[in-house]
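Novice:
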Amino acid sequence: MLPQKTLIPARQRDGGTESSQSSIVLSHFWKNISYILAVVGLAHLLNGIWQTTRVVFTPKNTDERISHSDPYPDTDYPLRPATEPWDISQSYEYSRNFTKTVSNGTWLRITTHPIKDEIVFDMLGDLYCMSSGETSTTYSARKAHAFLTGVPFDKEAEFSSDGTQLVFISDAGFGVDNIWTLPYTSCDEMAQVASDETRKFTVQQTNSTFRFFSSPAFHPTEPKIIATKWYLTGRPNGAGEIWEIPLLQRTPEILPNHGGKRLIARQIPASWPREKYFESQLGAEQARYSADGSAVVFTRNSKDKQSGKFSYNKDVHAGINAVYSLDLSNSHVTELVAAAASAPNQPASPGGASMPRLSHDGKTLAFVRRVDDKSVLVLKHMESGTIHYAWDGLTYDLSMIPAFMGAYPNFGWVANDTALVIWAQGLIWRVPVALDALGERVGNGAPFALPFEASIELELGRTRYSTRDIREAELAQTGTVTSLHGLRSNEAGDSVVFEAAGDNYMASLDSQSDRPTITALEKPNKHTSCYAPSFVHGSPFLLQACWNARNLTSFHLLHHLKGSIIKVHGLPRGRYVSPVSNGLYIAYVRTGKDYMFGDVEETFGDGVWIGRLTLPGETLARPTISDLEHISSIQTSHETKLDISMINGQPTLIVQNPNKIVLHGIQTGVESVLVTGRTTVEMTALPATKQHLVAFRDFQHVWFSYDGNMRSRAIWSKPGDVDTPSGLVRLTETGGHDVTISGDGRRIFWLNGPTLEYVDVDNVATACRMAPSELRDCGACSRPWVRKHHLNIRYQTTTGAQAISTQGRAFAIVNATVISMSTTFPMILKNATIIIQAGQIIDVGESIHTSLPKETDLHDAEGGAVLPGFIDMHGHWGGFLSPYPQPSWEMETFLGYGVTTIHNPSSKNVNGMVERHLIEKGRMYGPRVFHTGDVLYGSTQPSVYTEINSRSDARDALMRVKAEGGSSSFSVKNYQIAPRSARQRLLFEAADLDMLVLPEGGWSLDWDLTYFIDGYTTLEHPVPVPELYDDVISLIAASGSSYTPLAVMNYGGIFGQHWVHQNHDIQQDKKLRNYVKHDILESLTEVKKAPMSSYQFFNTTKSTAEVARRGVRTNVGSHGEQPIGYLFHSEMHMMALGGQKPYDVLRHATMGGAISLGLQAAIGSIEPGKLADLVIYPAGVSTVEAVFNSSMHMKNVMSRGTLFAVEEGLVEIWPRKGRRQTRTRLNPDNDL
């Protein structure tokens, strides 16, 4: 049950602006004050309050000149209203307490009282007040008093111009950062009222359930608030707009989730059409009214104007942000402080400008800029334009990242403009200023710290963590394909074909049986991988593509009654997907250059090709392709799905792209667009029916509609929208993919993991035609008609193949120096033996005490160190997106650098699991692969955008991941989902499903802290503030979460990878050239060069070392940055530069990662019973320090019990000595 004040988001679309109140009614304010006084027994203070409180809001309407029509109506998202009640304080369990007294803090945002020497700041989501005077006060040791505490994350407070109110940001209630206000008397009085009582008098000013706010401030004389409203675009980088909100005196019964006016819009590049506005990342932020309220001062990123997209690694010394002023009387914008180098008729301001703050008299603008290796507090006289540097002791600003919490913490002018109070170096400082001879403000003596003591009391959620023993599954000799794709139906809808990780199958549906008959399609040989099966319409044949690393794609026909296979001749050499035929014609898509293959072989002529196909007769004469024609007018990708159908008596090619279906007359050449999708990621149609039958996948679900009038708009699935087809019905319960329609239009099929699901169209149409729109939208009317069949596809694993080839022989590594990373073994065990059998370590010990099995093959380590295989906790790569079942140079590279387990926190539900199965089948070398599948995205990228408005939504999101991976899918990624309520729901459901939840960190310090507070498994990416202090460090240590800092992609400065590129000869590294594509290495020849102060990973890893010293697992991850493999070891060395000892870093890279993933029973150390994943170093490399100094130059790597030599590329030593994996030709310079 929600508390009385909790708001259910209103079912209201943006209708323009809310009605402004014409005057301030202070009765509610005085009612609040009277209640506070009654609570604390301070009635005698009433006279003093009357003397200091001034009515500064005047009944003046200044809105006439602002048009109430919105040129960019924000009505698309969220897709559906959040109607399930949720309160982040009451609906989620906080079972632990965290208390700490600190004298320093991280990123303290400060507001100064306009009359008194008092400040308010936020720390870890609580509001504190304290004296800011120059001399000692009645406050004992300058005690900071927490006056607004609890589960809600409260921050960014700002005083009203008379000091009687605070406006601040809070996620109270539903969990989105909204604007709130609170009466304020004095720090003494506020400190004497219980926080829960104080919160009763807060007034919620906005009720956004999707966009979120920051940096609020009062208008000096009118009932208005200004704030930054943040928009997450298709990329997660936020873009701000400046909005003006009418000030409410009490929270209404229903507060709309849209309201206010956009004062300052985003910019769009001149080359962009207006429709792309919501993809622009050229935002405005950090706005404040001028002293008289006639203007708004704000900042904007001025460096990305041409691209419209936020770019990383910009030159902070040349300036990034600039300061502008908007004249509210005429909408004229003036640049106050530029962020550009000198140019004719243009001011020069290297170092940029962030966080503008005008003095009370409006004569001086204070801001922060970068100067050399310092961040500096700058004063600019608003009449002369002269600048003065007041103090260069600031902490580094964050203008290089899209920081929702501002490029520097809020600071303010004291009441008489004689000083500024600002956070720096973990402390609160008073910076004195004075007027010089010209009447301009300048620094006035040395800044001094205001020592404080703050007591932190937080409630923490239970850390979402669990362990799993993967040994049985990883050691099994057979496995099950859990993720199927490439689904096609025959004409009658009684048979389907599909791909199962390099092998094709047909499932025949028998109406008399609950189980389909599954048949494996014959291949040219058992080692060949095949893909893209389809039915040849009107014939007994099937068509499939098969892959060869040297010869690329070949087509083969199969007689599905006789089981015979025959190669199709006449196909030019190339890479092809989606081959289809109607028995007379054949069509396919040729793909060109891409990331995995480069621009080396068969890169021209990509697109659709059509030709004639001669089918074999009774004598099985060889089938032949002829008269090929390139249809260059149709755009395609590797996701394009083709079909051939008779439409109006004409053979027609149906080109089904993710968001457009095009019809091409094979004989006439006439083309037309059948339908386009607005956000669709799959589309299929049967245009031959009376009304066009269209099915599509949109926002993870499969939908269908009969709608004969879809050519004029781009369709999607938002309920009630003008572009949503009439009669649209959701077919899937939790999700689905690979939607296909039978040739007769009778059935729609799709896949969900290893499950084939389908409906008879007429049944659903009848059941849903008269159903309420809500039941069609959630799929309740179609669900009873969905049939499901489990497709059980088994395969032999590499462990099974190894058992056959070795005939059960054991393998022993002798004369080894074992650095086990075990808590039960000595740190270093010299002259040791490790015995492996069937992919598992069965014994470890000193050689003289270890007995070998009778039939054991030996490998002499020559005294070299042996470590458990490395675990890359956060690795990305792109090979799983390739449609071709080919060996992966990426996977080989990871293994070649000792990474035997890799976790990808941003993969694909289907493709990522298909790649894992290919490795398990032995079709490619690679580490043990685990991944989160598709991220649960808060941004509006259609393929991954995820709305979680209920517990069932959260469960569905998790089940989509588990459906494709089964027991090997145990983690999920929250990628900046804005509502904390949604993030809490994920944790609830993940606990029920025994899954780990990892959040994407980095851009919002505040969200990162709530991840630790609420109990997320890890934080992925660094906390965006490089230098952390006692408050945040202690919270991380108390949270129980792990931390993956990713120095190679460190926020707050240039990415650490550039430091590696700058200081190492990447392009000529001999080992790298045996693994990574040379064009990638060539691209790293000329690299960005920057001073050491531009690389903030030094500070990040220093903070990481302190976190580790307090017992936190600081995982090693490389983010998949190039060169992959190599940068995993660079990450380890960056962590050591921050102060961690080599052994500790190595342990984080092995056992630490295993524990973070809950896999420590199977991997992470060298112990009996663990999986046989090992790294062996050459003779002479036998100490921890020696290993660390040459960590990437191991001699051998063992993965799944197979031993490789790695310096010259992956070459098997045991059990198949000398075997190399055949790869596609990638590097033409090898011809020289």
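Oh and the sequence shown: position 880 is 880 in UniProt numbering, straight run, nothing missing.
Just so it is clear, CB atoms sit at the ideal spot from N, CA and C, and this is done for glycine as well.
Quick check: the Cα distance between Glu1086 and Trp1003, rounded to an integer number of angstroms?
Specialist: Taking the first residue of the sequence shown as position 1, residue 1086 is located at position 1086. Taking the first residue of the sequence shown as position 1, residue 1003 is located at position 1003. Roughly 29 Å between the two C-alpha positions.
Novice: Going by beta-carbon coordinates alone, are Ser1034 and Leu1019 separated by less than 8 Å?
Specialist: Counting from one through the sequence shown, the residue named residue 1034 turns up at place 1034. Counting from one through the sequence shown, the residue named residue 1019 turns up at place 1019. For Ser1034 and Leu1019, no; Cβs fall outside 8 Å.
Novice: Please report the distance separating the alpha-carbon of Gln249 from that of Ala695.
Specialist: Position 249 of the sequence shown, counted from the first residue, corresponds to residue 249. Position 695 of the sequence shown, counted from the first residue, corresponds to residue 695. Cα-Cα distance, rounded: 50 Å.
Novice: What is the C-beta distance between Tyr1143 and Val1116, in whole angstroms, given that I count them as a contact (C-beta under 8 Å)?
Specialist: Translated into positions along the sequence shown, residue 1143 becomes position 1143. Translated into positions along the sequence shown, residue 1116 becomes position 1116. The Cβ separation is near 13 Å, so there is no contact.
Novice: In whole angstroms, what separates the C-alpha of residue 1233 from that of Tyr585?
Specialist: As shown, the chain starts at 1 and ends at 1232. That puts residue 1233 outside it, with no answer to give.
Novice: Starting from Val1032, follow the alpha helix (DSSP H) in both directions and report where the run begins and ends.
Specialist: Translated into the one-based positions of the sequence shown, residue 1032 becomes position 1032. Segment Asp1030 to Ser1039, the alpha helix (DSSP H) holding Val1032.
Novice: Tell me whether Leu895 sits in a helix, a strand or coil according to DSSP, three-state version.
Specialist: Position 895 of the sequence shown, counted from the first residue, corresponds to residue 895. Looking at Leu895 - three-state DSSP - the assignment turns out to be helix.
Novice: Which ranges does the beta strand (DSSP E) cover as unbroken runs of at least 3 residues, wholly within the segment 863–928, from first to last along the chain?
Specialist: If we require 3 residues or more, the beta strand (DSSP E) runs fully inside the segment 863–928 come out as 865–868, 870–872 and 899–904.
Novice: Quick one: give me the first and last residue of the alpha helix (DSSP H) that Glu253 is part of.
Specialist: Residue numbering aside, residue 253 sits at position 253 when the sequence shown is read from its first letter. Where Glu253 is concerned, there is no enclosing alpha helix (DSSP H), given that its DSSP letter is neither H nor E.
Novice: Give every residue of the same chain whose Cβ lies closer than 6 Å to the Cβ of Ile836, excluding the five residues on either side of it in the sequence, and list them in chain order.
Specialist: The residue you call residue 836 lines up with position 836 of the sequence shown. Correct list, in chain order: Phe811, Ala1172 and Gly1201.
Novice: Since Glu474 contacts Ala991 with CB under 8 Å, what's their CB separation in whole angstroms?
Specialist: By 1-based counting over the sequence shown, the position of residue 474 is 474. By 1-based counting over the sequence shown, the position of residue 991 is 991. Wrong, their Cβ atoms sit about 25 Å apart, outside the cutoff.
Novice: Assuming Thr482 and Gly926 form a contact by the criterion Cβ under 8 Å, report the distance between their Cβ atoms to the nearest whole angstrom.
Specialist: Taking the first residue of the sequence shown as 1, we reach residue 482 at position 482. Taking the first residue of the sequence shown as 1, we reach residue 926 at position 926. Not quite, the Cβ-Cβ distance comes to about 17 Å (not below 8 Å), so this is no contact.
Novice: Starting from Cys768, trace the alpha helix (DSSP H) both ways and give me its first and last residue.
Specialist: Reading the sequence shown from its first residue, position 768 is the one you call residue 768. Where Cys768 is concerned, the enclosing alpha helix (DSSP H) stretches over Val761 to Arg769.
Novice: What separation, rounded to the nearest whole angstrom, lies between the Cα atoms of Leu420 and His113?
Specialist: Indexing the sequence shown from 1 puts residue 420 at position 420. Indexing the sequence shown from 1 puts residue 113 at position 113. The straight-line gap from Cα to Cα measures roughly 11 Å.
Novice: Please classify Lys314 as buried or exposed, where buried requires at least 16 other C-beta atoms within 10 Å of its C-beta.
Specialist: Counting from one through the sequence shown, the residue named residue 314 turns up at place 314. Under this definition Lys314 is a buried residue.
Novice: For Val1060, report the span of its alpha helix (DSSP H) as first-last.
Specialist: Stepping through the sequence shown from its first residue, residue 1060 is reached at position 1060. Unbroken alpha helix (DSSP H) run through Val1060: Gly1056 to Asn1063.
Novice: Could you give the residue range of the beta strand (DSSP E) that holds Phe988?
Specialist: The residue labelled residue 988 in the question sits at position 988 within the sequence shown. It is not in any beta strand (DSSP E) - Phe988 instead sits in the alpha helix (DSSP H) that spans Arg980 to Leu993.
Novice: Does His790 pass the burial test, meaning 16 or more other C-beta atoms within 10 Å, or should it be called exposed?
Specialist: Here residue 790 refers to the residue found at position 790 when the sequence shown is read from its first residue. Under this definition His790 is an exposed residue.
Novice: Can you find at least 3 beta carbon pairs, one from the segment 488–501 and one from the segment 458–476, that sit closer than 8 Å?
Specialist: no
Novice: Apply the 10 Å Cβ neighbour rule to Lys908 and answer buried if 16 or more other Cβ atoms are within range, or exposed otherwise.
Specialist: Your numbering for residue 908 matches position 908 in the sequence shown. So Lys908 counts as buried.
Novice: Would you give the residue range spanned by the alpha helix (DSSP H) that Gln802 belongs to?
Specialist: Here residue 802 refers to the residue found at position 802 when the sequence shown is read from its first residue. Note, Gln802: alpha helix (DSSP H), Thr798 to Thr806.
Novice: Would you list the residues sitting across from Gly393 in a DSSP beta bridge?
Specialist: On the sequence shown, residue 393 is found 393 positions in, with the first residue counted as 1. None; Gly393 has no bridge partner.
Novice: Taking the alpha carbon of Gly863 as the point to measure from, which residue in Asp1229, Ala1179 and Asp643 has its own alpha carbon closest?
Specialist: Residue numbering aside, residue 863 sits at position 863 when the sequence shown is read from its first letter. Per the Cα distances, Ala1179.
Novice: Among Ala520, Gly583 and Ser578, whose alpha-carbon lies nearest the alpha-carbon of Gly563?
Specialist: Sequence index remark: in the sequence shown, residue 563 carries index 563 (1-based). The shortest Cα separation from Gly563 among Ala520, Gly583 and Ser578 belongs to Ala520.
Novice: Decide if His849 is buried, meaning its Cβ has at least 16 other Cβ atoms within 10 Å, or exposed.
Specialist: For the purposes of this step, residue 849 is taken as residue 849 along the sequence shown, with counting starting at 1. Classification for His849: exposed.
Novice: Could you tell me if Glu846 is buried or exposed, where buried requires 16 or more neighbouring beta carbons within 10 angstroms of its beta carbon?
Specialist: For the purposes of this step, residue 846 is taken as residue 846 along the sequence shown, with counting starting at 1. Its Cβ having fewer than 16 others within 10 Å, Glu846 is exposed.
Novice: First and last residue of the alpha helix (DSSP H) that includes Ala1136?
Specialist: Locating residue 1136 in the sequence shown gives position 1136, counting from the first residue. Element bounds for Ala1136: Tyr1126 to Leu1137.
Novice: Is Arg590 near Arg575, with beta carbons less than 8 Å apart?
Specialist: Reading the sequence shown from its first residue, position 590 is the one you call residue 590. Reading the sequence shown from its first residue, position 575 is the one you call residue 575. Result yes, Cβ atoms of Arg590 and Arg575 sit closer than 8 Å.
Novice: Since I believe Pro236 is in contact with Tyr975 (beta carbons under 8 Å), could you give me their beta-carbon distance rounded to a whole number of angstroms?
Specialist: Taking the sequence shown and counting its residues from 1, one reaches residue 975 at position 975. Taking the sequence shown and counting its residues from 1, one reaches residue 236 at position 236. Between Pro236 and Tyr975 the Cβ distance is about 6 Å, and since that is below 8 Å, they are a contact.
Novice: By DSSP, does Ser23 sit in helix, in strand, or in coil?
Specialist: For the purposes of this step, residue 23 is taken as the residue at position 23 of the sequence shown. A caution first: Ser23 carries a pLDDT of 31, below 50, which makes its placement in the model unreliable, though a value can still be read off. Ser23 falls in the coil class under three-state DSSP.
Novice: In the DSSP assignment, find the alpha helix (DSSP H) that holds Asp953 and state where it starts and stops.
Specialist: The residue you call residue 953 lines up with position 953 of the sequence shown. Where Asp953 is concerned, the enclosing alpha helix (DSSP H) stretches over Arg951 to Gly965.
Novice: Output the distance between the C-alpha atoms of Val1025 and Asp994, rounded to the nearest integer angstrom.
Specialist: Stepping through the sequence shown from its first residue, residue 1025 is reached at position 1025. Stepping through the sequence shown from its first residue, residue 994 is reached at position 994. Using only the alpha carbons, I get a separation of about 32 Å.
Novice: So for Ser140, helix, strand or coil by DSSP?
Specialist: Counting from one through the sequence shown, the residue named residue 140 turns up at place 140. Confidence at Ser140 is low in this model, with a pLDDT of 49, below 50, so the placement of that residue is unreliable and no value is reported for it.
Novice: Is Gly878 buried or exposed, if buried means 16 or more other CB atoms sit within 10 Å of its CB?
Specialist: Sequence index remark: in the sequence shown, residue 878 carries index 878 (1-based). That one is exposed.
Novice: Assuming contact is defined by CB atoms lying nearer than 8 Å, are Val608 and Ile631 in contact in what I supplied?
Specialist: If you number the sequence shown from 1, residue 608 lands on position 608. If you number the sequence shown from 1, residue 631 lands on position 631. Going by beta carbons, Val608 and Ile631 fall inside the 8 Å limit.
Novice: Check Thr1010 in the structure and name its three-state DSSP category.
Specialist: Walking along the sequence shown from the start, residue 1010 turns up at place 1010. Thr1010: helix per DSSP, three-state reduction.
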